[in-house]
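Scroll down for the structure; my scribbles are underneath it.
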Amino acid sequence: MSSLDMAGFSISIMKADQSILDRLDAPTKAPSWPVGTAGNRTSVKISVPLPPVQSTIDEESLSRPQRLSQQGRILEAAIKAAATVVINLKDSLNEWDGKVGDGDCGSTMCRGATAILEDMKYYPLNDAAETVSEIGSSIRRIMGGTRRIM
């Protein structure tokens, strides 16, 4: 996740000789590549429509099975354990994020983990791939943004 109003910045350091610098500053037709020594270039917006999502699975199969398989029980326990750890690390993640960003990483991750635990009653736990897809839906709904390096 990321905030548009976050405090902080990022610096990348790398060893570069003149040939690498020349390549970084070389002209390019990439629309969003920053201009080096070649001069100004207008930005270009490229619209890419998202294809409609068409699930091949009926709605009934995307719900918690009445009876969990051994794999389903293991998956449920693993999800609960991972989400609980993230929730318990909320304050530490906020503290670490506060050193380089806006200090809300733990709160955002905690919201995502809490949503996962709340939504787990709907996850098709006997199907690991579909469960991961549903976890992604829970996270997208609650968290938003992109995760970044701390």
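UniProt numbering puts the sequence shown at residues 1 to 150. Glycine is no exception: its CB is placed at the ideal position from the N, C-alpha and C atoms.
How would you call PRO27, buried or exposed, if buried means at least 16 neighbouring beta carbons within 10 angstroms?
-> A residue is called buried once 16 or more other Cβ atoms fall within 10 Å of its Cβ, and PRO27, having fewer, is exposed.
Can you have a look at ASN126 and say buried or exposed, based on whether 16 or more other CB atoms are within 10 angstroms of its CB?
-> With 16 or more other Cβ atoms within 10 Å, it is buried.
Which residues in the same chain as ASP91 place their Cβ atom closer than 7 Å to its Cβ, once the five residues preceding and following it in sequence are excluded?
-> Residues of the same chain with a CB within less than 7 Å of the CB of ASP91, apart from the 5 flanking positions on each side, are GLY106 in chain order.
How is GLN18 classed by DSSP in three states: helix, strand or coil?
-> In this structure, GLN18 counts as helix in the three-state DSSP scheme.
Whole-angstrom distance between LEU93 and GLY136, CA atom to CA atom = Distance between the alpha carbons of GLY136 and LEU93 is about 21 Å.
Mind the definition here: the segment 72-89 touches the segment 108-128 only if three or more C-beta pairs lie below 8 Å; say whether that holds.
-> Below 8 Å, enough C-beta pairs join the segment 72-89 and the segment 108-128 to call them touching: three or more.
Where does ILE20 land, buried or exposed, given buried means 16+ other C-beta within 10 angstroms?
-> Classification for ILE20: exposed.
Determine the closest residue to GLU118 out of ILE87, SER32, GLN66, PRO31, with distance taken between C-alpha atoms.
-> In this structure, ILE87 is the residue among ILE87, SER32, GLN66, PRO31 with its C-alpha nearest to the C-alpha of GLU118.
For THR56, I'd like the list of residues in its chain whose CB is within less than 6 Å of its CB, leaving aside the five on either flank, ordered along the chain.
-> The predicted model places THR56 with a pLDDT of 47, which falls under 50 and marks its position as unreliable, so this point remains unresolved.
Which of helix, strand or coil DSSP assigns to ASN126 | Shown here, ASN126 sits in coil according to DSSP, grouped into three states, outside any helix or strand.
Could you name the residues of the same chain whose beta carbon sits closer than 8 Å to that of ASP97, not counting the 5 residues immediately before and after it, in chain order?
-> Within its own chain, the residues whose Cβ lies closer than 8 Å to the Cβ of ASP97, once the five positions on either side in sequence are excluded, are GLY103, ASP104, CYS105, GLY106, MET150, listed in chain order.
In its own chain, which residues sit with a C-beta less than 6 Å from the C-beta of ILE142, not counting the 5 before and 5 after it?
-> If the five residues before and after ILE142 are omitted, its C-beta is found closer than 6 Å to the C-beta atoms of ARG111, GLY112, ALA115, all from its own chain and listed in chain order.
Does the beta carbon of ASN94 fall short of 7 Å from some heavy atom of the ligand ADP?
-> The ligand ADP is absent from the structure shown, which contains no ligands of any kind.
First and last residue of the uninterrupted alpha helix (DSSP H) at LEU93 | Counting along the chain, the alpha helix (DSSP H) containing LEU93 begins and ends at 90-100.
Just to confirm, are residue 227 and LEU75 a CB contact at a threshold of 8 Å?
-> With the chain covering only 1 through 150, there is no way to say anything about residue 227.
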